[in-house]
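Participant: Residue numbers (my numbering), protein chains in the order written: chain A, 46 to 368; chain B, 525 to 818. We put the beta carbon where it would ideally sit given N, CA and C, even for glycine.
1. Given 8 Å as the limit, is there contact between the region 583–592 of chain B and the region 300–318 of chain A, that is, 3 or more CB pairs closer than that?
2. Output the distance between the C-alpha atoms of residue 83 of chain A and residue 312 of chain A, rounded to the nearest integer angstrom.
3. Grouping DSSP H, G and I as helix and E and B as strand, with all else coil, what is residue 280 of chain A?
4. Measuring alpha carbon to alpha carbon, tell me which of B:547, B:527, B:534, B:536 ends up nearest residue 721 of chain B.
5. Check each residue of the region 529–555 of chain B: if its Cβ is closer than 8 Å to any Cβ of chain A, include it; give the result in chain order.
6. What is the rounded straight-line gap between the Cα of residue 789 of chain B and the Cα of residue 770 of chain B?
7. Suppose you measure from the CA of residue 602 of chain B to the CA of residue 646 of chain B; what does that come to, to the nearest Å?
8. I need the boundaries of the alpha helix (DSSP H) containing residue 654 of chain B, first residue and last residue.
9. Please compile the residues from chain B whose C-beta is within a distance smaller than 8 Å of the C-beta of residue 363 of chain A.
10. Between the C-alpha atoms of residue 530 of chain B and residue 669 of chain B, what's the straight-line distance to the nearest angstrom?
11. Does any residue of chain A have a CB that is nearer than 8 Å to the CB of residue 801 of chain B?
12. On the DSSP bridge list, what partners appear for residue 187 of chain A?
13. Would residue 567 of chain B count as contacting chain A if we go by Cβ distances under 8 Å?
14. Anything in the region 615–640 of chain B with a Cβ closer than 9 Å to a Cβ of chain A? List those residues in chain order, please.
15. Check this for me: beta carbons of residue 807 of chain B and residue 768 of chain B, under 8 Å apart or not?
16. Going along the region 310–331 of chain A in order, which residues come within less than 9 Å of chain B, judged by CB to CB distance?
17. Can you list, in chain order, the stretches of the alpha helix (DSSP H) that have 4 or more residues and sit fully within the region 228–276 of chain A?
18. Buried or exposed: which applies to residue 112 of chain A, given that a residue is buried once 16 or more other Cβ atoms fall within 10 Å of its Cβ?
19. Tell me whether residue 528 of chain B is buried or exposed, calling it buried when 16 or more other Cβ atoms sit within 10 Å of its Cβ.
20. Applying a beta-carbon distance threshold of less than 8 Å, which residues of chain A neighbour residue 752 of chain B?
21. If we define contact as Cβ-Cβ less than 8 Å, is residue 334 of chain A a contact residue for chain B?
22. From the DSSP output, in three-state form, read off residue 105 of chain A for me.
23. In terms of residue numbering, what span does the alpha helix (DSSP H) encompassing residue 762 of chain B cover?
24. Between residue 257 of chain A and the rest of its own chain, which residues show a CB-CB distance below 7 Å, the 5 nearest in sequence each way excluded?
25. Count the other CB atoms within 10 Å of the CB of residue 562 of chain B; is the residue buried (16 or more) or exposed (fewer)?
26. Distance check for residue 147 of chain A and residue 108 of chain A, CA to CA, integer angstroms please.
27. Is the CB of residue 250 of chain A under 8 Å away from at least one CB in chain B?
28. Taking only beta-carbon positions, decide if residue 790 of chain B is within less than 8 Å of chain A.
29. Give me the Cα-Cα distance between residue 815 of chain B and residue 155 of chain A, rounded to the nearest whole angstrom.
30. According to DSSP, which residues form a beta bridge with residue 303 of chain A?
31. Going by C-alpha to C-alpha distance, which of A:264, A:291, A:270, A:294 sits closest to residue 280 of chain A?
32. Does any residue of chain A bring its CB to less than 8 Å from the CB of residue 700 of chain B?
33. Give me the Cα-Cα distance between residue 332 of chain A and residue 627 of chain B, rounded to the nearest whole angstrom.
34. Below 8 Å between beta carbons: does that hold for residue 776 of chain B and residue 796 of chain B?
35. Relative to the C-alpha of residue 266 of chain A, which residue among A:116, A:98, A:73 is closest?
36. Which same chain residues end up closer than 7 Å to residue 118 of chain A when comparing Cβ atoms and leaving out the 5 residues on each side of it in sequence?
So this is what it looks like as structure tokens:
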């Protein structure tokens, strides 16, 4: 761990501490909501980071498990009158079971093919949830019981904050463990990793199941937070793409990258929405294009001091990747 | 389903299949040759629809006559997009290439929204309602023409790729980049040409669908998803396979849609995943990229 890494960890720690204290100082509902969403995306980015960042498998349909988690929570809370906590946990468990069942077969695919297969699963899941009227409410969806407690939104805020910290700690522990090294080995050279005696299928499946479990839980919490869930809303492809963008911006395969990426991209996108309402998507599109051309490995390597952030260094990046 | 319903559904399926093949053709070519999954493909199709719409409503140019103009415009837009943006990430990792096109799609969709606003548009000509009735089966003439033009373009593009010098250069670049360079192919302009041709075909598809269905600026995502289905089912970078893939997806859509409309997309996507697991190179594709699953 370099000195830059230590500074980044301290920055993240201070950021979390500041966020934990924020509601105590009477932060506005708008600020809390903005940070709640940023934290939700940070959790999903950390989850994607396991499979996409460390293991190098380009999962492109994590929204499938966001939607399934939300749907299971919704069905359990409305039809079975379950409490929030067990319903969310059941959503997470079902997501992990599903991902465990399809994981070994799916993870035989690599590169584009894996990405497209996960996209297909996301679309199939949406269509099945939308078509299963009796249970899921079909295309209209479900209305979860409204929580009228005045501290409800603060509670959700703290839940997402805890989940972010927990996911970051898990990422940190795994990244220094045999499992994390195994994932990196698979990412760099899967055949080589197998030759070293790594059970690639098991390792990949673990990364995938862990990611899907966390995304499923996030979906369940979002369902309760948002109360109304329709297939169009909870299977919105943005729940797949935004976490990946956040991770690419922050730095893939790092602990702090997804967190910093979320804390930069989400507030920026909200700020743009308020100041340039009509053309916000266009500006966001331009920012995405420029980020990918000039920061192909994300901000992490500059923030941690591994590379100097100079104009010449930024301009050199695209030259390495051109035809 | 009686025999007339069957015949009508079959005809609908074949017409849809021709259009879907054209929707997917450019997408499949860019994926097969450049290893870029173009998430902006649908947005280019929608741009084609709007250009046809403006040519018809403002200048009074018939949509069929406007088709070449739309295609030329889209070729220029696509060529410039490759040259100025995608060119810089062509050797970047997979996710970077995914998201550069994602960003382009977002930008393009928003620009279309700014220029043409969010109203639902359609291109309705005096002859739009005309149709041909054969033994109880109803065939709208515009759709029949769209089918004929789609298949014509697919065939012409296939001949271009297999019979011309430029086409061979494009195919060889997709097969082996270094070998293509060694034989004197200038790769950067070939990539730009490939992308330009792909958006040109997207423009043609957009032009043809604008005459049969209404459209909004955000209609692109759906076309991109269909392009995915058709390309993966057929196989990449292989023109006849795209045609076959388009027909199969369309027939699944109309026949499943006849019995269980809610499940027609679910069946297509489950089929996509199963097919990927069993035969990643597609039903008819030879392992075009020398087996490298990239």
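Facilitator: A quick look at the data gives this:
1. no
2. Walking along the first chain from the start, residue 83 of chain A turns up at place 38. Walking along the first chain from the start, residue 312 of chain A turns up at place 267. Each residue's alpha carbon lies about 7 Å from the other.
3. Numbered from its first residue, the first chain carries residue 280 of chain A at position 235. Correct three-state label for residue 280 of chain A: coil.
4. For the purposes of this step, residue 721 of chain B is taken as residue 197 along the second chain, with counting starting at 1. Ranking the options by Cα distance to residue 721 of chain B, first place goes to B:547.
5. If the cut-off is 8 Å between Cβ atoms, the region 529–555 of chain B has 555 near chain A.
6. Here residue 789 of chain B refers to the residue found at position 265 of the second chain. Here residue 770 of chain B refers to the residue found at position 246 of the second chain. Rounded to whole angstroms, residue 789 of chain B to residue 770 of chain B spans 14 Å at the Cα level.
7. In the second chain, residue 602 of chain B corresponds to position 78, counting from 1. In the second chain, residue 646 of chain B corresponds to position 122, counting from 1. Rounded to whole angstroms, residue 602 of chain B to residue 646 of chain B spans 24 Å at the Cα level.
8. As a first step, residue 654 of chain B is located in the second chain; it is residue number 130 there, counting from the start. Segment: none, residue 654 of chain B is in no alpha helix (DSSP H) and carries neither H nor E.
9. The residue labelled residue 363 of chain A in the question sits at position 318 within the first chain. Per Cβ cutoff of 8 Å: 612, 613.
10. In the second chain, counting from the first residue as 1, residue 530 of chain B sits at position 6. In the second chain, counting from the first residue as 1, residue 669 of chain B sits at position 145. Rounded to the nearest angstrom, the gap between the Cα atoms of residue 530 of chain B and residue 669 of chain B is 22 Å.
11. Your numbering for residue 801 of chain B matches position 277 in the second chain. By this cut-off, residue 801 of chain B is an interface position.
12. On the first chain, position 142 is the one that residue 187 of chain A refers to. Bridge partners of residue 187 of chain A: A:274.
13. Here residue 567 of chain B corresponds to residue number 43 of the second chain, with the count starting at 1. By this cut-off, residue 567 of chain B is not an interface position.
14. 615, 616, 617, 618, 619, 620, 621, 622, 623, 624, 626, 627, 628, 629, 630, 631, 632, 633, 634, 635, 637, 638
15. As a first step, residue 807 of chain B must be located in the second chain, where it is residue number 283. As a first step, residue 768 of chain B must be located in the second chain, where it is residue number 244. Yes, the Cβ-Cβ distance between residue 807 of chain B and residue 768 of chain B is below 8 Å.
16. Taking 9 Å as the upper bound on Cβ-Cβ separation, chain B lies near residues 323, 324, 325, 326, 327, 328, 329, 330, 331 of the region 310–331 of chain A.
17. Taking only runs of at least 4 residues, the alpha helix (DSSP H) segments lying wholly in the region 228–276 of chain A are 235–240, 245–271.
18. For this step, residue 112 of chain A is matched to residue 67 along the first chain. Result: buried.
19. Residue 528 of chain B sits at position 4 when you count from the first residue of the second chain. Exposed.
20. Position 228 of the second chain holds residue 752 of chain B. Under the 8 Å cutoff, chain A gives 161, 164, 165.
21. By one-based count along the first chain, residue 334 of chain A stands at place 289. Closer than 8 Å to some Cβ of chain B, the Cβ of residue 334 of chain A qualifies, so yes.
22. Numbered from 1 along the first chain, position 60 holds the residue referred to as residue 105 of chain A. Reduced to three states, the DSSP call for residue 105 of chain A is coil.
23. Counted from its first residue, the second chain places residue 762 of chain B at position 238. Looking at the DSSP string, residue 762 of chain B is not in any alpha helix (DSSP H), and its letter there is neither H nor E.
24. Reading the first chain from its first residue, position 212 is the one you call residue 257 of chain A. Cβ within range, chain order: 110, 140, 141, 144.
25. For the purposes of this step, residue 562 of chain B is taken as the residue at position 38 of the second chain. It is buried - the Cβ of residue 562 of chain B has at least 16 other Cβ atoms within 10 Å.
26. Here residue 108 of chain A refers to the residue found at position 63 when the first chain is read from its first residue. Here residue 147 of chain A refers to the residue found at position 102 when the first chain is read from its first residue. Straight-line Cα distance between these residues: approximately 16 Å.
27. Counting from 1 along the first chain, the entry for residue 250 of chain A is found at position 205. Answer no: the Cβ-Cβ gap between residue 250 of chain A and chain B never drops below 8 Å.
28. Counting from 1 along the second chain, the entry for residue 790 of chain B is found at position 266. Chain A, which has a Cβ nearer than 8 Å to the Cβ of residue 790 of chain B, makes this yes.
29. Translated into the one-based positions of the second chain, residue 815 of chain B becomes position 291. Translated into the one-based positions of the first chain, residue 155 of chain A becomes position 110. Residue placement at residue 815 of chain B cannot be trusted, given a pLDDT of 39 that sits under 50; what the coordinates show is reported in the next sentence. Roughly 12 Å between the two C-alpha positions.
30. Along the first chain, one-based indexing puts residue 303 of chain A at 258. In DSSP, residue 303 of chain A forms no bridge with anything.
31. As a first step, residue 280 of chain A is located in the first chain; it is residue number 235 there, counting from the start. The shortest Cα separation from residue 280 of chain A among A:264, A:291, A:270, A:294 belongs to A:264.
32. To locate residue 700 of chain B, count along the second chain from 1; it is residue 176. Judged by the 8 Å Cβ criterion, residue 700 of chain B is not in contact with chain A.
33. In the first chain, counting from the first residue as 1, residue 332 of chain A sits at position 287. In the second chain, counting from the first residue as 1, residue 627 of chain B sits at position 103. Distance between the alpha carbons of residue 332 of chain A and residue 627 of chain B: 8 Å.
34. As a first step, residue 776 of chain B must be located in the second chain, where it is residue number 252. As a first step, residue 796 of chain B must be located in the second chain, where it is residue number 272. No, the pair does not count as a contact, with Cβ atoms beyond the cut-off.
35. The residue given as residue 266 of chain A occupies position 221 in the first chain. The shortest Cα separation from residue 266 of chain A among A:116, A:98, A:73 belongs to A:116.
36. Here residue 118 of chain A corresponds to residue number 73 of the first chain, with the count starting at 1. Closer than 7 Å at the Cβ level, and outside the excluded window around residue 118 of chain A, lie 132, 133, 136, 265, 268, 269.
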